[in-house]
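Below is one structure; the comments refer to it alone.
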Amino acid sequence: MKLAYDDAGHGDCVVLIHGHPFDRTLWEPQAAALRGDFRVVVPDLRGFGQSPVTPGLVTMRELAADIEELLGVLGVGRAAAVGLSMGGLVTMELAAAQPERYWAIGLVATTMEPPAPPERTSRRERADAVERDGMQVLVDYMQTGVYGPHCPASVRERVDAMMSAALPAGAAAALRGRAERPDYRPLLAKLDIPALVCAGSADPWSNQAVTAEIVANLKRPELLVIDSVGHLPNLEAADEFNDTLGAFLQAHAPGPA
2 MKLAYDDAGH
12 GDCVVLIHGH
22 PFDRTLWEPQ
32 AAALRGDFRV
42 VVPDLRGFGQ
52 SPVTPGLVTM
62 RELAADIEEL
72 LGVLGVGRAA
82 AVGLSMGGLV
92 TMELAAAQPE
102 RYWAIGLVAT
112 TMEPPAPPER
122 TSRRERADAV
132 ERDGMQVLVD
142 YMQTGVYGPH
152 CPASVRERVD
162 AMMSAALPAG
172 AAAALRGRAE
182 RPDYRPLLAK
192 LDIPALVCAG
202 SADPWSNQAV
212 TAEIVANLKR
222 PELLVIDSVG
232 HLPNLEAADE
242 FNDTLGAFLQ
252 AHAPGPA
(Lines of atoms letter the chains of each structure in order from A and count residues from 1; the text may use other names and numbers.)
(Lines give C-alpha, C1' and ligand atoms only; values in the text may rest on other atoms or scores of the structure.)
Protein backbone atom coordinates (compact mmCIF):
# COMPACT_ATOMS: atom_id res chain seq x y z
CA MET A 1 0.00 0.00 0.00
CA LYS A 2 1.61 3.26 -1.14
CA LEU A 3 0.79 5.95 1.40
CA ALA A 4 0.75 9.69 0.83
CA TYR A 5 3.20 11.35 3.20
CA ASP A 6 5.31 14.39 4.04
CA ASP A 7 9.05 14.00 4.68
CA ALA A 8 10.97 17.02 5.93
CA GLY A 9 14.03 17.81 8.01
CA HIS A 10 17.20 15.90 8.81
CA GLY A 11 18.52 13.78 11.66
CA ASP A 12 16.94 10.97 13.65
CA CYS A 13 13.56 10.06 12.20
CA VAL A 14 10.23 10.74 13.92
CA VAL A 15 7.02 9.30 12.45
CA LEU A 16 3.76 11.07 13.38
CA ILE A 17 0.63 8.91 13.06
CA HIS A 18 -2.77 10.59 12.98
CA GLY A 19 -5.99 9.40 14.58
CA HIS A 20 -9.47 8.68 13.27
CA PRO A 21 -11.12 10.23 11.27
CA PHE A 22 -8.28 12.67 10.61
CA ASP A 23 -5.39 12.97 8.17
CA ARG A 24 -1.74 13.96 8.27
CA THR A 25 -2.53 17.68 8.50
CA LEU A 26 -3.45 16.97 12.14
CA TRP A 27 0.29 17.13 12.87
CA GLU A 28 1.18 20.38 11.10
CA PRO A 29 2.19 22.23 14.33
CA GLN A 30 4.39 19.31 15.41
CA ALA A 31 6.01 18.85 12.00
CA ALA A 32 6.88 22.54 11.94
CA ALA A 33 8.30 22.41 15.48
CA LEU A 34 10.36 19.24 15.02
CA ARG A 35 11.79 19.40 11.52
CA GLY A 36 14.63 21.71 12.57
CA ASP A 37 16.08 18.89 14.70
CA PHE A 38 14.66 15.68 13.24
CA ARG A 39 13.62 14.05 10.01
CA VAL A 40 9.83 14.10 10.33
CA VAL A 41 7.73 11.63 8.32
CA VAL A 42 3.97 12.18 8.43
CA PRO A 43 1.81 9.67 6.50
CA ASP A 44 -1.85 9.59 5.67
CA LEU A 45 -3.02 6.22 6.94
CA ARG A 46 -4.73 3.90 4.50
CA GLY A 47 -8.24 5.20 3.81
CA PHE A 48 -7.50 8.79 4.90
CA GLY A 49 -6.25 11.99 3.32
CA GLN A 50 -4.58 11.25 0.00
CA SER A 51 -3.85 7.57 0.66
CA PRO A 52 -5.83 4.81 -1.10
CA VAL A 53 -9.00 3.41 0.46
CA THR A 54 -9.58 -0.26 1.20
CA PRO A 55 -13.32 -0.66 1.87
CA GLY A 56 -14.79 -3.13 4.34
CA LEU A 57 -12.40 -3.67 7.23
CA VAL A 58 -8.80 -2.59 7.79
CA THR A 59 -7.03 -3.82 10.92
CA MET A 60 -4.57 -1.90 13.05
CA ARG A 61 -1.90 -4.41 12.00
CA GLU A 62 -2.54 -3.62 8.35
CA LEU A 63 -2.21 0.11 9.06
CA ALA A 64 1.07 -0.59 10.87
CA ALA A 65 2.35 -2.77 8.02
CA ASP A 66 1.77 0.12 5.62
CA ILE A 67 4.03 2.32 7.74
CA GLU A 68 6.65 -0.41 8.04
CA GLU A 69 6.64 -0.61 4.24
CA LEU A 70 6.93 3.18 3.93
CA LEU A 71 9.90 3.33 6.32
CA GLY A 72 11.57 0.63 4.28
CA VAL A 73 11.05 2.56 1.05
CA LEU A 74 12.44 5.71 2.70
CA GLY A 75 15.48 3.85 4.01
CA VAL A 76 14.65 4.52 7.66
CA GLY A 77 16.21 1.87 9.89
CA ARG A 78 15.13 3.24 13.27
CA ALA A 79 12.59 5.86 14.25
CA ALA A 80 10.50 7.27 17.02
CA ALA A 81 6.78 6.65 16.45
CA VAL A 82 4.21 9.05 17.90
CA GLY A 83 0.52 8.27 17.49
CA LEU A 84 -2.71 9.95 18.59
CA SER A 85 -5.86 7.96 19.42
CA MET A 86 -6.10 5.30 16.67
CA GLY A 87 -2.57 6.34 15.72
CA GLY A 88 -1.55 5.27 19.21
CA LEU A 89 -2.90 1.78 18.49
CA VAL A 90 -0.87 1.72 15.28
CA THR A 91 2.21 2.85 17.23
CA MET A 92 1.71 -0.03 19.67
CA GLU A 93 1.45 -2.45 16.75
CA LEU A 94 4.72 -1.14 15.34
CA ALA A 95 6.64 -1.29 18.61
CA ALA A 96 5.28 -4.70 19.61
CA ALA A 97 6.17 -6.25 16.24
CA GLN A 98 9.68 -4.78 15.85
CA PRO A 99 10.81 -3.16 19.12
CA GLU A 100 14.39 -2.87 17.88
CA ARG A 101 13.19 -0.49 15.15
CA TYR A 102 11.86 2.21 17.52
CA TRP A 103 14.06 4.28 19.82
CA ALA A 104 11.06 5.98 21.44
CA ILE A 105 7.26 5.97 21.22
CA GLY A 106 4.59 8.54 21.96
CA LEU A 107 1.08 7.48 22.96
CA VAL A 108 -1.31 10.44 22.82
CA ALA A 109 -4.98 10.26 23.86
CA THR A 110 -5.18 6.52 23.30
CA THR A 111 -5.87 3.21 25.09
CA MET A 112 -4.26 -0.20 25.57
CA GLU A 113 -7.43 -2.08 26.43
CA PRO A 114 -9.29 -4.36 24.00
CA PRO A 115 -12.85 -3.25 23.19
CA ALA A 116 -15.59 -4.49 25.49
CA PRO A 117 -18.53 -6.15 23.66
CA PRO A 118 -20.71 -2.99 23.75
CA GLU A 119 -17.91 -0.91 22.23
CA ARG A 120 -17.30 -3.52 19.56
CA THR A 121 -20.97 -3.47 18.63
CA SER A 122 -21.25 0.32 18.62
CA ARG A 123 -18.17 0.72 16.41
CA ARG A 124 -19.57 -1.72 13.86
CA GLU A 125 -22.96 -0.02 13.90
CA ARG A 126 -21.36 3.40 13.53
CA ALA A 127 -19.29 2.11 10.60
CA ASP A 128 -22.45 0.94 8.85
CA ALA A 129 -24.12 4.30 9.51
CA VAL A 130 -21.12 6.23 8.13
CA GLU A 131 -21.19 4.18 4.93
CA ARG A 132 -24.94 4.68 4.62
CA ASP A 133 -25.35 8.32 5.69
CA GLY A 134 -21.91 9.94 5.30
CA MET A 135 -19.28 11.56 7.50
CA GLN A 136 -21.67 13.84 9.39
CA VAL A 137 -22.57 10.78 11.50
CA LEU A 138 -18.99 10.61 12.71
CA VAL A 139 -18.53 14.37 13.01
CA ASP A 140 -21.59 14.55 15.29
CA TYR A 141 -20.26 11.69 17.44
CA MET A 142 -16.74 13.11 17.69
CA GLN A 143 -18.06 16.49 18.77
CA THR A 144 -19.39 14.86 21.96
CA GLY A 145 -15.85 14.57 23.33
CA VAL A 146 -13.07 15.55 20.97
CA TYR A 147 -12.85 19.21 22.12
CA GLY A 148 -12.08 20.52 25.59
CA PRO A 149 -14.23 23.25 27.16
CA HIS A 150 -11.89 26.05 26.11
CA CYS A 151 -10.92 24.75 22.67
CA PRO A 152 -10.41 27.71 20.28
CA ALA A 153 -13.01 28.12 17.57
CA SER A 154 -10.24 28.05 14.96
CA VAL A 155 -9.23 24.54 16.06
CA ARG A 156 -12.83 23.33 16.05
CA GLU A 157 -13.42 24.69 12.56
CA ARG A 158 -10.24 23.20 11.20
CA VAL A 159 -10.81 19.76 12.71
CA ASP A 160 -14.50 19.65 11.78
CA ALA A 161 -13.50 20.38 8.18
CA MET A 162 -10.81 17.71 8.30
CA MET A 163 -13.27 15.09 9.56
CA SER A 164 -15.95 16.12 7.06
CA ALA A 165 -13.47 15.72 4.19
CA ALA A 166 -12.67 12.10 5.08
CA LEU A 167 -14.02 9.39 2.79
CA PRO A 168 -16.82 7.37 4.44
CA ALA A 169 -15.50 4.03 3.14
CA GLY A 170 -12.06 4.64 4.68
CA ALA A 171 -13.46 5.84 8.00
CA ALA A 172 -15.85 2.89 8.22
CA ALA A 173 -13.15 0.33 7.43
CA ALA A 174 -10.92 1.68 10.20
CA LEU A 175 -13.83 1.77 12.66
CA ARG A 176 -14.39 -1.94 12.05
CA GLY A 177 -10.67 -2.54 12.47
CA ARG A 178 -10.68 -0.75 15.81
CA ALA A 179 -13.51 -3.04 16.92
CA GLU A 180 -11.11 -5.97 16.38
CA ARG A 181 -8.10 -4.50 18.18
CA PRO A 182 -6.20 -6.82 20.56
CA ASP A 183 -5.25 -6.32 24.18
CA TYR A 184 -2.02 -4.33 23.92
CA ARG A 185 -1.19 -4.49 27.63
CA PRO A 186 0.84 -7.74 27.60
CA LEU A 187 2.58 -6.69 24.39
CA LEU A 188 3.67 -3.32 25.72
CA ALA A 189 4.68 -4.60 29.15
CA LYS A 190 7.63 -6.39 27.51
CA LEU A 191 9.02 -3.30 25.83
CA ASP A 192 12.09 -1.49 27.12
CA ILE A 193 11.48 1.68 25.08
CA PRO A 194 11.08 5.26 26.37
CA ALA A 195 7.41 6.19 26.06
CA LEU A 196 5.78 9.60 26.31
CA VAL A 197 2.14 9.24 27.40
CA CYS A 198 -0.02 12.33 26.89
CA ALA A 199 -3.69 13.03 27.58
CA GLY A 200 -6.00 15.96 28.18
CA SER A 201 -7.79 16.11 31.52
CA ALA A 202 -11.10 16.84 29.71
CA ASP A 203 -10.86 13.85 27.35
CA PRO A 204 -13.87 11.58 28.06
CA TRP A 205 -12.40 8.65 26.13
CA SER A 206 -8.72 8.58 27.13
CA ASN A 207 -9.62 9.50 30.68
CA GLN A 208 -7.57 9.32 33.86
CA ALA A 209 -8.17 5.60 34.43
CA VAL A 210 -7.36 4.66 30.83
CA THR A 211 -4.21 6.76 30.86
CA ALA A 212 -3.09 5.40 34.24
CA GLU A 213 -3.38 1.87 32.87
CA ILE A 214 -1.15 2.76 29.93
CA VAL A 215 1.49 4.13 32.30
CA ALA A 216 1.23 1.06 34.54
CA ASN A 217 1.97 -1.27 31.63
CA LEU A 218 5.09 0.52 30.40
CA LYS A 219 8.61 0.09 31.73
CA ARG A 220 9.83 3.61 30.88
CA PRO A 221 6.83 5.95 30.82
CA GLU A 222 6.87 9.73 31.01
CA LEU A 223 3.44 11.28 31.59
CA LEU A 224 2.03 14.61 30.45
CA VAL A 225 -1.58 15.50 31.37
CA ILE A 226 -2.69 18.87 30.03
CA ASP A 227 -5.44 20.53 32.06
CA SER A 228 -8.84 21.30 30.49
CA VAL A 229 -7.86 19.86 27.10
CA GLY A 230 -9.85 17.25 25.18
CA HIS A 231 -8.85 14.51 22.74
CA LEU A 232 -6.46 16.65 20.65
CA PRO A 233 -3.80 18.01 23.03
CA ASN A 234 -1.43 18.53 20.10
CA LEU A 235 -3.80 21.19 18.69
CA GLU A 236 -5.56 22.59 21.77
CA ALA A 237 -2.29 23.10 23.67
CA ALA A 238 0.20 22.97 20.82
CA ASP A 239 2.97 24.97 22.53
CA GLU A 240 3.03 22.91 25.72
CA PHE A 241 2.68 19.68 23.77
CA ASN A 242 5.48 20.62 21.36
CA ASP A 243 7.83 21.68 24.16
CA THR A 244 7.34 18.39 26.01
CA LEU A 245 7.51 16.20 22.92
CA GLY A 246 10.59 17.98 21.63
CA ALA A 247 12.42 17.64 24.95
CA PHE A 248 11.43 13.97 25.21
CA LEU A 249 12.71 13.21 21.72
CA GLN A 250 15.92 15.18 22.26
CA ALA A 251 16.58 13.25 25.49
CA HIS A 252 16.24 9.84 23.84
CA ALA A 253 17.40 10.37 20.27
CA PRO A 254 20.26 8.01 19.40
CA GLY A 255 22.18 10.62 17.42
CA PRO A 256 24.67 9.88 14.64
CA ALA A 257 25.51 6.21 14.24
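Sequential numbering from 2 applies to the sequence shown in the numbering used here.
Every residue gets a Cβ at the ideal spot worked out from N, C-alpha and C, and that includes glycine.
Report, in whole angstroms, the separation of the C-beta atoms of glycine 146 and glycine 231, which I expect to be a contact under 8 Å.
Yes, they are in contact, since the Cβ atoms of glycine 146 and glycine 231 sit about 7 Å apart, within 8 Å.
Might you give, ordered along the chain, the residues of its own chain that have their beta carbon closer than 8 Å to the beta carbon of alanine 80, omitting 5 neighbours on each side?
If we look at alanine 80 and ignore the five residues flanking it on each side, its Cβ neighbours are Asp13, Cys14, Val15, Val16, Val42, Leu72, Arg102, Tyr103 and Trp104.
Do asparagine 208 and leucine 85 have their beta-carbon atoms positioned less than 8 Å apart in this structure?
No.
Proximal residues to glutamate 223 (C-beta, below 8 Å), its chain only, five neighbours per side dropped:
Once the five neighbours on either side are set aside, the close Cβ partners of glutamate 223 are Pro195, Ala196, Leu197, Val198 and Phe249.
Round the Cβ separation of leucine 58 and arginine 177 to the nearest angstrom and send it over; I've been treating them as touching at under 8 Å.
Indeed they touch by this definition, with Cβ atoms about 4 Å apart.
Could you please give the first and the last residue of the uninterrupted beta strand (DSSP E) stretch that includes alanine 105?
For alanine 105, the uninterrupted beta strand (DSSP E) segment begins and ends at 103 to 109.
Rounded to the nearest angstrom, what separates glycine 48 and alanine 213 at their Cα positions?
For the pair glycine 48 and alanine 213, the Cα-to-Cα distance works out to about 31 Å.
Nearest by alpha-carbon distance to threonine 111: which of Ala254, Val74, Leu75 and Asp184 is it?
For threonine 111, the nearest C-alpha among the options comes from Asp184.
Are leucine 233 and valine 138 touching if we call contact CB-CB under 8 Å?
No; because the gap between Cβ atoms is not below 8 Å, this pair is not in contact.
Contacts around arginine 157, its chain only, beta-carbon distance under 8 Å, and the 5 residues preceding and following it disregarded:
In chain order, Tyr148 place their CB closer than 8 Å to the CB of arginine 157, counting only its own chain and leaving out the 5 sequence neighbours on each side.
Verify the contact flag: cysteine 199, CB atom, against every heavy atom of the ligand GTP, threshold strictly below 7 Å.
Absent from the structure shown: the ligand GTP. Ligands present: none.
Neighbourhood of valine 211 by C-beta distance below 6 Å, restricted to the same chain and skipping five residues each side:
For valine 211, where only same-chain residues beyond five positions count, the Cβ hits under 6 Å are Thr112.
Establish whether the CB of threonine 145 and some CB of chain D are separated by less than 8 Å.
Among the chains of the structure shown, chain D does not appear; only one protein chain is present.
Would alanine 128 be called buried (16 or more neighbouring beta carbons within 10 Å of its own) or exposed?
Residue burial annotation: alanine 128 is buried, with at least 16 other C-beta atoms found within 10 angstroms of its C-beta.
Nearest neighbour of proline 30, chosen from Leu46, Glu132, Ala238 and Pro115 [CA to CA]
The shortest Cα separation from proline 30 among Leu46, Glu132, Ala238 and Pro115 belongs to Ala238.
Please check the pair methionine 2 and glutamate 70, which I expect to be a contact at CB under 8 Å, by giving their CB distance rounded to whole angstroms.
Rounded, the Cβ-Cβ distance is 7 Å, consistent with contact.
With respect to the beta strand (DSSP E) encompassing proline 222, which residues constitute its N-terminal and C-terminal limits?
From DSSP, the beta strand (DSSP E) with proline 222 extends over 222 to 227.
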